[in-house]
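**Q** Those letters in the sequence shown? Residues 1 to 142, per the UniProt record's numbering, in order.
No residue lacks a Cβ here, since even glycine has one placed at the ideal position from N, Cα and C.
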Amino acid sequence: MRAVAWWAVRRRARPARQNGRVTSPAVLDPAIAARLKRDAQGLVAAIVQQHDTGEVLMLGWMDDEALRRTLGEGRVTFWSRSREEYWRKGDTSGHVQHVRSVALDCDGDALLVRVDQVGGACHTGDRTCFDAGDLGATVGAP
1 MRAVAWWAVR
11 RRARPARQNG
21 RVTSPAVLDP
31 AIAARLKRDA
41 QGLVAAIVQQ
51 HDTGEVLMLG
61 WMDDEALRRT
71 LGEGRVTFWS
81 RSREEYWRKG
91 DTSGHVQHVR
101 SVALDCDGDA
111 LLVRVDQVGG
121 ACHTGDRTCF
131 DAGDLGATVG
141 AP
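1. For the beta strand (DSSP E) containing residue 116, name the first residue and the last one.
2. Does the count of Cβ pairs from the region 52-71 and the region 26-37 closer than 8 Å reach three?
3. Reducing DSSP to helix, strand and coil, say where residue 100 ends up.
4. Which whole-angstrom value describes the C-beta separation of residue 50 and residue 57, a residue pair presumed to lie in contact below a C-beta threshold of 8 Å?
5. Give the straight-line distance between the Cα atoms of residue 71 and residue 128, rounded to the nearest whole angstrom.
6. Within a Cβ cutoff of 7 Å, which residues of the same chain sit near residue 99, ignoring the five residues on either side of it in sequence?
7. Can you round the beta-carbon distance between residue 137 and residue 44 to whole angstroms, since I take them to be within the 8 Å contact cut?
8. In three-state terms, what does DSSP make of residue 55?
9. From 80, 133, 104 and 94, pick the residue whose C-alpha is nearest to that of residue 41; which is it?
10. Quick one: using the 10 Å Cβ neighbour count with 16 as the cut-off for buried, is residue 46 buried or exposed?
11. Helix, strand or coil: which one does DSSP assign to residue 70?
12. Below 9 Å between beta carbons: does that hold for residue 123 and residue 82?
13. What is the C-beta distance between residue 118 and residue 96, in whole angstroms, given that I count them as a contact (C-beta under 8 Å)?
14. Would you kindly report the start and end of the unbroken alpha helix (DSSP H) that includes residue 33?
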């Protein structure tokens with residue numbers, strides 16, 4: 001089941017404590033949640049980019065819970081639209097994405113997640129999901 005929507009939670013998100021250590025909050029910060037423009041399924045596109053080269057690696061989808069986990073855990077978490085479950089890149093393949101920064105675009109409907117990518121980002125094992133070949137677009141004048 002998916003997490004409770006941010007607007008259904010009345011209390012302010014506070015850091016949780018486990019063994020005296022501060023952990024990520026139980027809900028996404030309402031100030032961040034209020035800035036998101038979600039699609040009909042409650043999702044926001046998340047573009048993943050290698051932080052030091054700018055290489056675009058993949059596109060995934062996040063809901064509030066996936067974003068909360070990504071911001072608080074240092075690893076990228078996505079919502080799988082086909083399996084309808086959360087997943088973290090690298091949990092089965094070992095091709096982990098370590099978060100360096102997360103930014104929201106000007107419209108609030110897309111995230112840019114800058115990462116240190118270990119191994120391939122694509123499920124095929126390739127470095128990027130965008131190496132299937134150019135579509136032959138006409139190049140415009142500058």
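**A** So, from the listed chains and residues:
1. 110-117
2. yes
3. strand
4. Between residue 50 and residue 57, the beta carbon gap of about 6 Å places them in contact (Cβ cut-off 8 Å).
5. 22 Å
6. 70, 74, 75, 76, 113 and 115.
7. Their Cβ separation, rounded to whole angstroms, is 26 Å, which puts residue 137 and residue 44 out of contact at 8 Å.
8. coil
9. 80
10. buried
11. helix
12. no
13. Residue 118 to residue 96, Cβ: 5 Å. Contact.
14. 30-33
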